[in-house]
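Heads up: the structure comes next, in structure tokens.
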Amino acid sequence: MMELVIDSIRVSLLNHQRVVILKQKDSERYLPIWIGPPGADAIAVRLQEVSVPRPLTHDLMNNCIKSMGGVIDHIVVSSMENDTYFATIVVRQGDETVEIDARPSDALALAVRANVQIFAAPEVMEKCGCDLIRIAGLRSLALMRVPILQRKPEVLLETRNVRGSQLFQIL
1 MMELVIDSIR
11 VSLLNHQRVV
21 ILKQKDSERY
31 LPIWIGPPGA
41 DAIAVRLQEV
51 SVPRPLTHDL
61 MNNCIKSMGG
71 VIDHIVVSSM
81 ENDTYFATIV
91 VRQGDETVEI
101 DARPSDALAL
111 AVRANVQIFA
121 APEVMEKCGC
131 DLIRIAGLRS
141 LALMRVPILQ
151 RKPEVLLETR
161 NVRGSQLFQI
171 L
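Sequential numbering of the sequence shown, starting at 1, is according to this note's numbering.
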């Protein structure tokens with residue numbers, strides 16, 4: 001398995017879709033995963049350390065797992081079938097390990113709350129992984145990334161389309 005970290009969350013002006021960009025640790029390979037606004041918000045709230053008065057859904061899930069004696073060990077982006085990503089949440093409870101099928105957005109939202117490693121199956125990275133130039137669309141944007149808060153993942157906003165290439169701008 002290949003270890004990943006959350007690099008950024010991007011928003012398209014054209015269709016308001018969100019894409020979470022996972023970066024392979026110790027490499028310049030990226031895995032873009034399109035997710036819905038609620039999933040993107042759930043991940044961003046935790047990454048940006050926004051305090052909320054009551055537990056959100058993924059906080060509740062994490063608390064339930066803990067209260068039943070389980071610990072989230074790691075998550076895996078396990079496959080991609082028919083343009084849909086699949087993820088697995090790996091939970092340890094004593095000597096047992098349980099694998100729970102999940103959407104990548106839910107698995108990532110739990111991973112940031114439990115502060116656990118994120119992995120991708122090698123075949124997922126081989127099939128869907130790409131370099132930043134391909135994501136940004138232009139070579140000149142390959143290094144154009146600025147952290148939001150103390151090197152926290154960026155939230156980017158698509159601004160225009162140039163010669164068929166998507167451009168993104170920091171929010």
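Cβ atoms here follow ideal geometry from the backbone N, Cα and C, with glycine treated the same way. Quantities reported herein were computed from a predicted structural model and do not represent experimental measurements.
Backbone CA spacing between residue i and residue j [nearest angstrom]
{"i": "P37", "j": "D95", "result": "37 angstroms"}
{"i": "Y85", "j": "S12", "result": "19 angstroms"}
{"i": "N62", "j": "C128", "result": "29 angstroms"}
{"i": "L110", "j": "I43", "result": "8 angstroms"}
{"i": "M68", "j": "R92", "result": "11 angstroms"}
{"i": "R113", "j": "V19", "result": "19 angstroms"}
{"i": "E123", "j": "Q48", "result": "31 angstroms"}
{"i": "D41", "j": "A107", "result": "14 angstroms"}
{"i": "L22", "j": "S8", "result": "7 angstroms"}
{"i": "G70", "j": "V116", "result": "14 angstroms"}
{"i": "V90", "j": "T97", "result": "7 angstroms"}
{"i": "H16", "j": "D26", "result": "31 angstroms"}
{"i": "T57", "j": "V45", "result": "12 angstroms"}
{"i": "V50", "j": "I33", "result": "23 angstroms"}
{"i": "A121", "j": "Q24", "result": "11 angstroms"}
{"i": "L14", "j": "R54", "result": "33 angstroms"}
{"i": "I6", "j": "F119", "result": "11 angstroms"}
{"i": "V146", "j": "N82", "result": "Below a pLDDT of 50, predicted positions are generally treated as unreliable, and V146, at 29, falls in that range; the measurement from the model is reported next regardless. About 33 angstroms."}
{"i": "G39", "j": "V52", "result": "16 angstroms"}
Contact under 9 angstroms by Cβ, residue i with residue j
{"i": "L4", "j": "L31", "result": "yes"}
{"i": "I75", "j": "A102", "result": "yes"}
{"i": "M2", "j": "M125", "result": "yes"}
{"i": "E29", "j": "D131", "result": "Checking the sequence, you will find Arg at residue 29 rather than Glu. For R29 and D131, yes; Cβs fall inside 9 angstroms."}
Bridge partner(s) assigned by DSSP for residue i
{"i": "R29", "result": "D131"}
{"i": "A102", "result": "A87"}
{"i": "L4", "result": "Q24, I118"}
Nearest-angstrom Cβ-Cβ length linking residue i and residue j, presumed shorter than 8 angstroms
{"i": "I35", "j": "S105", "result": "4 angstroms"}
{"i": "I100", "j": "T88", "result": "7 angstroms"}
Any chain B beta carbon closer than 9 angstroms to residue i
{"i": "C128", "result": "Among the chains of the structure shown, chain B does not appear; only one protein chain is present."}
_Within the region 17–100, ranges of the alpha helix (DSSP H) (whole runs, at least 4 residues)_ = Counting only runs of 4 or more, we get 37–47, 57–67.
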